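A.B. asks: Please see the structure below; I have some questions.
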Amino acid sequence: MQNAARVSVKSVPNELCADSLSDGTAPLDAAFEETVQVFDRVYQEYALTNGTYFAPIDEQEIGRLETMHGVFRVVFDGRLIFPPVRSPRRILDCGSGGGDWAVEVAEQYPESEVLGIDVSPHTMPAYSPPNAEFQIDDLNGRFTFQSNHFDVVHSQMMAGGIHSNRWRSYLRDIFRVLRPGGWAQMVEIYFNAQSDNGTLTRGKDNQVRDGEMLALTLRE
1 MQNAARVSVK
11 SVPNELCADS
21 LSDGTAPLDA
31 AFEETVQVFD
41 RVYQEYALTN
51 GTYFAPIDEQ
61 EIGRLETMHG
71 VFRVVFDGRL
81 IFPPVRSPRR
91 ILDCGSGGGD
101 WAVEVAEQYP
111 ESEVLGIDVS
121 PHTMPAYSPP
131 NAEFQIDDLN
141 GRFTFQSNHF
151 DVVHSQMMAG
161 GIHSNRWRSY
171 LRDIFRVLRP
181 GGWAQMVEIY
191 FNAQSDNGTL
201 TRGKDNQVRD
211 GEMLALTLRE
């Protein structure tokens, strides 16, 4: 059964939402919904301003995320969770994006509670199983979840959304909220541009300029 996806804000950076609810969540703040258009693509203004995420958040991007999820399903032989977890009670999906992984896991484990966290409300699914919930938060801030809470924490393709000086504390946060015997499942790619024939080498001026130009364009 598919229900309207439950979306809320938790642990909002810079106290964007002053009126929090008893469970630590708050109504979605308009700052997360504001967008900016660059070269006919739509971006989340909050993510660009805070250097959190530089990918678009439009329908085309949602389609790309769905395709990426499908590719991973093929590469991983249909497995969603790798560790030997039979009946997880609580599952956290960091950077849930379009919600494809979280929704499928919730359907596969109907007795579990699945929570997806992402900085953008624009890409989250309109419908989800009743045991899945989605919250808006910037994962560059420290986790506010209680310790020893989740059986599985999933973090996939987050290299573009976590600041370099946040990674150590991000990993510490993940392991802190895992219960004893819990598992962290992380899937990342090597983002540094490289080539087999040696035509791309470290320190070439044009590589630096291209990257800086992209960042500056998106910020503007």
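In the UniProt record's numbering, the protein residues as written are 1 to 220.
For every residue, glycine included, the Cβ atom is placed at its ideal position computed from N, Cα and C.
Since this is a predicted model, take the numbers as computed values, not measurements.
(1) Following the continuous alpha helix (DSSP H) through Val177, name the residue where it begins and the one where it ends.
(2) Measure the CB-CB distance between Leu65 and Gly98 and report whether it falls below 8 angstroms.
(3) Would you kindly work out how many angstroms separate the C-alpha atoms of Thr201 and Asn192, rounded to a whole number?
(4) Quick check on the DSSP output: what are the complete alpha helix (DSSP H) runs of length 4 or more inside the segment 49-126, in order along the chain?
(5) Measuring CB to CB, does Leu80 end up less than 8 angstroms from Val153?
(6) Give me the Cα-Cα distance between Pro125 and Ser195, rounded to the nearest whole angstrom.
(7) Where do the ends of the beta strand (DSSP E) carrying Met151 lie?
(8) Which word fits Asp151, buried or exposed, when buried means at least 16 other C-beta atoms lie within 10 angstroms of its C-beta?
(9) Using the Cα positions of Val103 and Phe145, report the straight-line distance between them to the nearest angstrom.
(10) Beta-carbon within less than 6 angstroms of Ile162's beta-carbon, same chain only, minus the 5 sequence neighbours each way: which residues are those?
(11) Below 8 angstroms CB to CB, which residues in the same chain sit around Gly160 once its five sequence neighbours on both sides are set aside?
(12) Would you kindly check if the distance between the Cβ of Phe39 and the Cβ of Ser96 is under 8 angstroms?
(13) Counting along the chain, where does the beta strand (DSSP E) carrying Thr35 start and finish?
(14) Output the distance between the C-alpha atoms of Val71 and Trp101, rounded to the nearest integer angstrom.
(15) Less than 8 angstroms between the beta carbons of Ser128 and Gln44, yes or no?
(16) Quick one: what's got a C-beta closer than 6 angstroms to Glu212's C-beta in the same chain, skipping five residues either side?
(17) Taking the alpha carbon of Val49 as the point to measure from, which residue in Arg176, Gly141, Phe32, Glu59 has its own alpha carbon closest?
(18) List the endpoints of the continuous beta strand (DSSP E) containing Gln135.
(19) What residue range does the beta strand (DSSP E) around Gln194 cover?
(20) Using 8 angstroms for Cβ pairs, my map puts Ser155 next to Met186. What's the rounded Cβ distance?
(21) Would you identify the three-state DSSP class for Ser128, choosing helix, strand or coil?
C.D. replies: For this structure:
(1) 167-177
(2) yes
(3) 10 angstroms
(4) 59-75, 100-108
(5) no
(6) 37 angstroms
(7) The sequence shown places Asp at residue 151, not Met. Run containing Asp151: 150-156, per the beta strand (DSSP E) assignment.
(8) buried
(9) 21 angstroms
(10) Tyr170
(11) Tyr53, Phe54, Ala55, Phe191
(12) no
(13) 35-38
(14) 12 angstroms
(15) no
(16) Because Glu212 sits at a pLDDT of 42, beneath the cut-off of 50, its placement in the model cannot be relied upon, and the point is left open.
(17) First, the amino acid is wrong: residue 49 is Thr here, not Val. Comparing Cα-Cα distances from Thr49 to each of Arg176, Gly141, Phe32, Glu59, the minimum goes to Phe32.
(18) 132-136
(19) Note, Gln194: premise wrong, no beta strand (DSSP E); not H, not E.
(20) 5 angstroms
(21) strand
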